[in-house]
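Student: Quick one: the structure is below, and I'll ask about it shortly.
Numbering (our numbering), first residue to last: -7 to 141.
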């Protein structure tokens, strides 16, 4: 049982770390670079980037949530559940809070050069930063726990 818990813990930490690293990259590098472009070009770049990132980040968040929760269920301690939930919260946050902005940005026929589009891109960056902070908090707690708290 101990080896299964250890395996789940390692997968939880790895997937959370990968998610947090990708999220941080988006907030610190990609989105600021995108926002340095003319609004139309920034919006055109955002759409395929967003769609591609979804296929990487969503599975990582869910995997971290499942493995961290599984480790807790097998006796790893409640802090593993807390860390898993911190990372896992990015999924409902995305669906409930961020998705309306995503849908507006992806609306066919949207004036991609408009100030509203620019404002939506700025809003998206701020909302994505919440995902980044949640995943970093969960990852740091996971790493702390893995190192023996």
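Every residue gets a Cβ at the ideal spot worked out from N, C-alpha and C, and that includes glycine.
1) For residue 21, which option in 41, 31 and 99 has the closest C-alpha, if you only look at C-alpha atoms?
2) Find the nearest neighbour of residue 32 within the set 97, 84, 118 and 124, judged by alpha-carbon distance.
3) My output table needs one value for residue 69: the three-state DSSP class, helix, strand or coil.
4) May I ask you to report which of helix, strand or coil DSSP gives residue 102?
5) Exposed or buried, residue 135, counting other C-beta atoms within 10 Å across all chains shown (16 or more means buried)?
6) Check residue 30 in the structure and name its three-state DSSP category.
7) Between residue 70 and the rest of its own chain, which residues show a CB-CB distance below 8 Å, the 5 nearest in sequence each way excluded?
8) Please determine, among 84, 61 and 19, the residue with the shortest C-alpha to C-alpha distance to residue 74.
9) Among 131, 87, 128 and 132, which has the Cα closest to the Cα of residue 116?
10) The alpha helix (DSSP H) with residue 89 in it runs from where to where?
11) Rounded C-beta distance between residue 15 and residue 124? I'm assuming under 8 Å.
12) With the cut-off set at 8 Å, would you say residue 5 and residue 138 are in Cβ contact?
13) DSSP three-state label for residue 137, please.
14) Suppose contacts are defined by Cβ-Cβ distances below 8 Å. Is residue 120 in contact with residue 23 by that definition?
15) Starting from residue 85, trace the alpha helix (DSSP H) in both directions and tell me its first and last residue.
Tutor: Once the coordinates are examined:
1) 41
2) 97
3) coil
4) coil
5) exposed
6) coil
7) 64
8) 61
9) 87
10) It is not in any alpha helix (DSSP H) - residue 89 carries neither H nor E in the DSSP assignment.
11) 4 Å
12) yes
13) helix
14) yes
15) 82 to 85
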